[in-house]
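Participant:
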Amino acid sequence: MTVSLQMLGTGDAFAKNYYNNNGLLLSRDYTLLIDCGTTAPLAMEKLGRSFADVNAVLITHIHDDHAGGLPELSRLMRTKFGRKMILLVADTLVEPLWESFQKNSSSAAHNPSSLEDAFEVRLLKPGFPYQLSTEITLELIRTPHIRGKDSYSLLLGGEIFYSADMIFQPELLLKLVRKQAIRQIFHDCQLKGPGEVHTTLSELLSLPEDVRKVIRLMHYGDQKPEFEGKTAEMTFLEQHVIYAL
Ligand SMILES: Nc1ccn([C@@H]2O[C@@H]3COP(=O)(O)O[C@H]3[C@H]2O)c(=O)n1
Ligand SMILES: [Zn+2]
Ligand SMILES: [Zn+2]
Numbered sequence: 013m014t015v016s017l018q019m020l021g022t023g024d025a026f027a028k029n030y031y032n033n034n035g036l037l038l039s040r041d042y043t044l045l046i047d048c049g050t051t052a053p054l055a056m057e058k059l060g061r062s063f064a065d066v067n068a069v070l071i072t073h074i075h076d077d078h079a080g081g082l083p084e085l086s087r088l089m090r091t092k093f094g095r096k097m098i099l100l101v102a103d104t105l106v107e108p109l110w111e112s113f114q115k116n117s118s119s120a121a122h123n124p125s126s127l128e129d130a131f132e133v134r135l136l137k138p139g140f141p142y143q144l145s146t147e148i149t150l151e152l153i154r155t156p157h158i159r160g161k162d163s164y165s166l167l168l169g170g171e172i173f174y175s176a177d178m179i180f181q182p183e184l185l186l187k188l189v190r191k192q193a194i195r196q197i198f199h200d201c202q203l204k205g206p207g208e209v210h211t212t213l214s215e216l217l218s219l220p221e222d223v224r225k226v227i228r229l230m231h232y233g234d235q236k237p238e239f240e241g242k243t244a245e246m247t248f249l250e251q252h253v254i255y256a257l
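The working numbering puts the first residue of the sequence shown at 13, with every later residue one more than the last.
(1) Could you have a look at residue 244 and say whether DSSP puts it in helix, strand or coil?
(2) DSSP three-state label for residue 102, please.
(3) Going by C-alpha to C-alpha distance, which of 223, 204 and 145 sits closest to residue 214?
(4) With a threshold of 7 Å between beta carbons, is residue 67 in contact with chain C?
(5) Identify which residue in 16, 85, 36 and 55 has its Cα closest to the Cα of residue 122.
(6) Go through the region 15-78 residue by residue and report every complete run of the beta strand (DSSP E) that reaches 3 residues or more, in order.
(7) From the DSSP output, which residues share a beta bridge with residue 171?
(8) Can you tell me whether DSSP reads residue 87 as helix, strand or coil?
(9) In terms of residue numbering, what span does the alpha helix (DSSP H) encompassing residue 129 cover?
(10) Let me know if residue 190 comes out buried or exposed under the rule of 16 or more other beta-carbons within 10 Å of its beta-carbon.
(11) At a cut of 8 Å, does the region 86-99 reach the region 177-186 through at least three beta carbon pairs?
(12) In this structure, what does DSSP give as the bridge partners for residue 133?
(13) On a Cα-Cα basis, can you pick out the residue from 83, 27, 26 and 22 that is closest to residue 35?
(14) Taking the C-alpha atoms as reference points, what is the distance between residue 150 and residue 170?
(15) Rounded to a whole number of angstroms, what is the C-alpha to C-alpha distance between residue 56 and residue 18?
(16) Going by alpha carbons, who is nearest to residue 178 out of 166, 187 and 139?
(17) Would you kindly check if the distance between the Cβ of residue 74 and the Cβ of residue 99 is under 7 Å?
(18) Based on the DSSP output, what are the partners of residue 190 in its beta bridges?
(19) Hey, residue 104 and residue 81 are a contact pair by Cβ (cut 8 Å); roughly how many whole angstroms apart?
(20) Starting from the Cα of residue 176, find the closest Cα among 130, 132 and 46 and give me that residue.
(21) Please report the residue range of the alpha helix (DSSP H) in which residue 238 lies.
(22) According to the neighbour-count rule (16 or more other Cβ atoms, all chains shown, within 10 Å of its Cβ), is residue 206 buried or exposed?
(23) Along the beta strand (DSSP E) that carries residue 150, what are the first and last residues, could you check?
Here you go:
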C-alpha cells in the first residue's frame, strides 16, 4: 500500500511539548483521521492542513486526548464547509461518545441534538475488516485500557497494528508478529511509573527482539528526550513527520 502516517501529535494526555496522540492516515484518494483529541484542531492548523481534506474521523476510545476535539471539528465542518464529517466508530462507543461530546461542547451557537446531528455516523463492528478506500482497509480489535470501558486498536491493511491506549498484551503482540506477519506496530508507551492503564517502556523492552524491531513508540510524555537511546530496537514516532507505511 502507498499509504503514509503523519501524527498530529505523539503526546500522552498530560504532555505539554507534544499534541495529543492523533494520526492522519494518508493515501492517494483517502485521508483518515485516527482520533480527534482536544488539541487536534490546533495541530491541523499548525501543519497547514484542512479538515476539508479529511474523509473520515475514527475514534478508538472516549478520553479527551482522543475525542475531546470532536465538538470543534463538528462546528468547523458546519460553519466553514457546510457539511458533516463522517465519523467511524464502534457501536459500543456511540452512547459514551455522545456524553463526552456534550461535556466538551462550549459553543452556544452550535448545539447538535444528537451524534447523528453532528456527524455522518458509520458504525463499525469489531473483528470485521472494512475497505475504506482502494488502499485503506481497517479492522477494530478490542483491547483493554480502562476496566469497564471499551477501547479499540486498529489493524491496517492486515499488516500494521496501531494501538489504542492499552494495557500490555504480550501474547497479542507475539501473535501479530509471528503468526499474522504484522510488519509494523505503532504502540502507546508510558515512559515512567507503573502502567496501570497503559503499556510501559519496561514492558515493551521485555518483548523478544523480533517483536521490538517492528515497534514504534507513541503517546509518550514530555520526558521523551531523556529516553532517547534507551529503547533498544524500538524507535520513537515523531509528531508531524510523514512516515511511509
Ligand atoms: N491522574 C490521572 C491519570 C489519568 N487520567 C486520565 O486517564 C486517562 C488514561 O488514558 P489517556 O487517554 O492517557 O488519558 C488519561 C487521562 O484522561 C487523569 O485524568 N488523571
Ligand atoms: Zn490517550
Ligand atoms: Zn485513554
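Glycine is no exception: its CB is placed at the ideal position from the N, C-alpha and C atoms.
Facilitator: In brief:
(1) Stepping through the sequence shown from its first residue, residue 244 is reached at position 232. Coil at residue 244, not helix or strand.
(2) Position 90 of the sequence shown, counting from 1, holds the residue named residue 102. It is a strand residue.
(3) Along the sequence shown, read from residue 1 onward, the residue named residue 214 stands at position 202. Of the listed residues, the one whose Cα sits closest to residue 214 is 204.
(4) Checking the listed chains, one finds no chain C in this structure; it contains a single protein chain.
(5) Reading the sequence shown from its first residue, position 110 is the one you call residue 122. Of 16, 85, 36 and 55, the residue nearest in Cα terms is 85.
(6) 16-19, 35-38, 43-46 and 68-70
(7) Within the sequence shown, residue 171 is the residue found at index 159, counting from 1. According to DSSP, residue 171 bridges with nothing at all.
(8) Residue numbering aside, residue 87 sits at position 75 when the sequence shown is read from its first letter. Here DSSP, grouped into helix, strand and coil, assigns residue 87 to helix.
(9) Looking up residue 129 in the sequence shown gives position 117. Start and end: 127-130.
(10) Residue numbering aside, residue 190 sits at position 178 when the sequence shown is read from its first letter. So residue 190 counts as exposed.
(11) no
(12) By one-based count along the sequence shown, residue 133 stands at place 121. In the DSSP output, where bridge partners are listed per residue, residue 133 has 99.
(13) Counted from its first residue, the sequence shown places residue 35 at position 23. With distances taken between Cα atoms, residue 35 lies closest to 22.
(14) Taking the sequence shown and counting its residues from 1, the one referred to as residue 150 is at position 138. Taking the sequence shown and counting its residues from 1, the one referred to as residue 170 is at position 158. Near 8 Å, if we compare the C-alpha coordinates of residue 170 and residue 150.
(15) Taking the sequence shown and counting its residues from 1, the one referred to as residue 56 is at position 44. Taking the sequence shown and counting its residues from 1, the one referred to as residue 18 is at position 6. Distance between the alpha carbons of residue 56 and residue 18 is about 11 Å.
(16) Locating residue 178 in the sequence shown gives position 166, where the first residue counts as 1. Nearest of 166, 187 and 139 to residue 178, Cα basis: 166.
(17) As a working mapping, residue 99 is identified with position 87 in the sequence shown. As a working mapping, residue 74 is identified with position 62 in the sequence shown. Against a cut-off of 7 Å, the Cβ pair of residue 74 and residue 99 comes out as no contact.
(18) Here residue 190 refers to the residue found at position 178 of the sequence shown. Looking at the DSSP assignment, residue 190 forms no beta bridge with any residue, so it has no partner.
(19) Residue mapping note: residue 104 aligns to position 92 of the sequence shown, counting from 1. Residue mapping note: residue 81 aligns to position 69 of the sequence shown, counting from 1. Here residue 104 is actually not in contact with residue 81; their C-beta atoms are around 21 Å apart, not less than 8 Å.
(20) The residue you call residue 176 lines up with position 164 of the sequence shown. Checked all of 130, 132 and 46; the closest Cα to residue 176 is 46.
(21) Within the sequence shown, residue 238 is the residue found at index 226, counting from 1. From DSSP, the alpha helix (DSSP H) with residue 238 extends over 236-239.
(22) On the sequence shown, residue 206 is found 194 positions in, with the first residue counted as 1. Counting Cβ neighbours within 10 Å, residue 206 comes out exposed, since fewer than 16 surround it.
(23) Locating residue 150 in the sequence shown gives position 138, counting from the first residue. Residue 150: member of the beta strand (DSSP E) spanning 149-154, first to last residue.
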